[in-house]
Amino acid sequence: MQVLPKIQGRLICTRGLSSTSGTGFFNDWGDTATLSNVTISGNTAPRGGGLRIASGTVKLRGVILSGNTATSGTGPECEGSLTSNGYNLIKSNADCSFTRDSTDILNQDANLGSLANNGGGLLTHLPNAGSPVLDKVPAGNCVTIAGTALATDARGVTRPQNGSCDIGAVEKQ
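Take 5 as the starting number for the sequence shown in our numbering and just add one per residue.
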């Protein structure tokens with residue numbers, strides 16, 4: 005029996021470099037993995053720079069896929085089969101088989117700050133002013149795919165701020 009990851013609100017994948025594929029996240033299990041409220045940015049691989057699904061699928065909710073690079077030219081943000089459970093920003097889904105939700109933001113840059121210590125003891129990409137990920141998730145929908153309320157972001161900052169949650173792992177104050 006395989007145990008597939010359910011990653012919720014604490015993952016920030018950045019500055020990864022792979023000689024094969026999927027530096028932010030790689031699924032080759034042939035089943036479904038779940039990512040909730042994570043940020044995958046600043047990664048480089050030949051294929052699927054941010055996220056690559058070679059087998060199976062990945063469910064996304066509140067995920068940022070932006071600012072990744074594919075050196076072969078295919079799938080800079082993602083490659084493979086994705087299913088949306090809402091409130092995702094994917095800069096380019098051209099190489100993803102993607103079941104879209106009406107709340108998803110496609111073909112826009114996330115406008116994230118550089119990787120920095122923004123509090124909480126870890127390095128994060130804080131959304132810049134004017135970022136399309138700011139305040140996009142109504143307070144009642146600030147939950148994981150499993151329906152668990154998001155009380156804090158990856159740094160321990162209270163969610164929501166300003167009445168709505170931000171997409172991704174970090175809530176801007």
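No residue lacks a Cβ here, since even glycine has one placed at the ideal position from N, Cα and C.
Please list, in chain order, all residues of the same chain as residue 95 whose beta carbon is under 6 angstroms from its beta carbon, the five residues on each side excluded. 70, 81, 113
If you count every other CB in all the chains shown that lies within 10 Å of the CB of residue 38, and 16 or more means buried, which is it? buried
Alpha carbon of residue 137 to alpha carbon of residue 168, nearest angstrom: 11 angstroms
From which residue to which residue does the beta strand (DSSP E) around residue 31 run? 29-31
Reduced DSSP secondary structure (H/G/I, E/B, other) of residue 145: helix
I need the straight-line Cα distance from residue 100 to residue 121, nearest angstrom please. 32 angstroms
Option nearest residue 124 by Cα separation, candidates 86, 153, 175: 175
Can you tell me whether residue 160 is helix, strand or coil according to DSSP? coil
Distance check for residue 146 and residue 40, CA to CA, integer angstroms please. 10 angstroms
May I have the straight-line CA-CA distance separating residue 35 from residue 105, to the nearest angstrom? 21 angstroms
At the level of alpha carbons, what is the spacing between residue 67 and residue 61? 15 angstroms
Residue range of the unbroken beta strand (DSSP E) whose run includes residue 74: 73-78
Run through the DSSP bridge pairs and tell me what residue 165 is partnered with. 168
Do residue 73 and residue 53 have their CB atoms nearer than 7 angstroms? yes
Under a three-way DSSP split, which group does residue 110 fall into? strand
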